[in-house]
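So in the working numbering, the last spot in the sequence shown is 1156, and the numbers never skip.
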Amino acid sequence: MKAFGFDFDGTIINIEPEKARVFGEIVGKYWGVDKGEASDYWHAKGGTSRRAKFDYFYEKKFKKKLGDDEYKLVEEKFSLRLKKDYYPKIRLLPGALSVLKFVRANFDFVFVSSGVPLGEIRYLVNLTGLSGYFDLVLGTSKKYLSKKEHFEEIIKSKKPDLLVYLADGIVDMQIAKELGIISIGIPTNRPVSNLRRAGADYISSLSNSISLIKKLLSTLPES
């Protein structure tokens, strides 16, 4: 069993800079948080859930935990802004479609592991016309609080001989290292040095990642 996971934003598409800016504007407007600090935090915590980012600033500002109702209100404002102003303009990153086609043809199980809320990441995958490339699309929810839960479930249910994750987030690399997953860091939004320090097994541009994936496949014994 060969399994391959993709992060979505920063790997297949890239609106991370726009998300960071909108996040800063939202928490600045409603919670009085410094916009620049919030935007920088979003970039630094790539790979963490959206909820975790809101939780951090709410607790920092108000010295108490963010309740579900309060989170729902502010997250809806954030999500609606993205759907109105940015999602309609989304384009695939150069080389992304070629990587998807190669992975789909050479792996048994292909999935998305995203920190975006589950309903929204499935909306995005459909919007970009990519649903057919994935066996499973996972985001965050009450069941999946982070990407770690995604991988733990896949490891348990699929028992893959090879499991590779292609992503651009610092936390993505850390989770992969902790769970023994082969990670390929794509430096779309984070410096190569940061991805390496976070534990990336390999660093590659998206355009060069197919040759790297071929090498990983060549290490498997012939069936």
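Backbone N, C-alpha and C define an ideal beta-carbon position, used for all residues, glycine too.
Simplified DSSP state of residue i, which is helix, strand or coil
i, result
"Tyr1019", "coil"
"Lys1076", "coil"
"Val1045", "strand"
"Ile1088", "helix"
"Asp942", "strand"
"Ser999", "The sequence as given places Leu at residue 999; Ser does not occur at that position. Coil at Leu999, not helix or strand."
"Leu1149", "helix"
"Leu1139", "coil"
"Leu1025", "coil"
"Leu1112", "helix"
N- and C-terminal bounds of the beta strand (DSSP E) containing residue i
i, result
"Gln1100", "Note that residue 1100 is Ala in the sequence shown, not Gln. Residues Leu1095 to Ala1100."
"Gly961", "Unbroken run through Gly961 is the alpha helix (DSSP H), Glu949 to Trp964; no beta strand (DSSP E)."
Nonlocal neighbours in the same chain, by C-beta distance under 6 Å from residue i, ignoring five residues either side
i, result
"Lys1110", "Gly1132"
"Phe1035", "Ile1143"
"Gly1118", "Met1106, Leu1128, Ala1133 and Ile1136"
"Val1125", "Ile1136"
"Asn947", "Leu1026 and Thr1121"
First through last residue of the alpha helix (DSSP H) which encompasses residue i
i, result
"Ile1115", "It is not in any alpha helix (DSSP H) - Ile1115 instead sits in the beta strand (DSSP E) that spans Ile1115 to Gly1118."
"Gly1052", "Leu1051 to Leu1060"
"Lys937", "It is Phe, not Lys, that sits at residue 937 in the sequence shown. First-last for Phe937: Lys935 to Phe939, but that is the beta strand (DSSP E), not the alpha helix (DSSP H)."
"Lys1034", "Ala1029 to Asn1039"
"Asp973", "Lys968 to Ala977"
"Asn1122", "Premise fails: Asn1122 is in no alpha helix (DSSP H) and is neither H nor E."
Buried versus exposed call for residue i [16 or more other C-beta atoms within 10 Å across all chains shown]
i, result
"Met934", "exposed"
"Arg1130", "exposed"
"Thr944", "buried"
"Arg1234", "This structure leaves residue 1234 out entirely; the chain is present only between 934 and 1156."
"Lys996", "exposed"
"Ala1038", "exposed"
"Gly1113", "exposed"
"Arg1024", "exposed"
"Lys986", "buried"
Sequence-distant residues of the same chain with beta carbon closer than 7 Å to residue i, five excluded per side
i, result
"Ile959", "Val1007, Lys1010 and Phe1011"
"Glu1053", "Ser1012 and Gly1072"
"Phe939", "Ile945, Val1045 and Leu1099"
Proximal residues to residue i (C-beta, below 8 Å), its chain only, five neighbours per side dropped
i, result
"Arg1123", "His976, Gly979, Asp1101, Gly1102 and Ile1103"
Using a Cβ distance threshold of 8 Å, determine whether the segment 1088 to 1101 contacts the segment 997 to 1004, with at least three qualifying pairs required. no
Counting beta carbon pairs with one atom in the segment 1048 to 1068 and one in the segment 1015 to 1023, are three or more of them shorter than 8 Å? yes
Check whether the segment 1039 to 1053 and the segment 1071 to 1085 touch, using three or more Cβ-Cβ pairs below 8 Å as the test. With the cut-off at 8 Å, the segment 1039 to 1053 and the segment 1071 to 1085 touch.
Counting pairs of beta carbons, one from the segment 1025 to 1037 and one from the segment 1132 to 1151, are three or more of them closer than 8 Å? Yes, the segment 1025 to 1037 is in contact with the segment 1132 to 1151.
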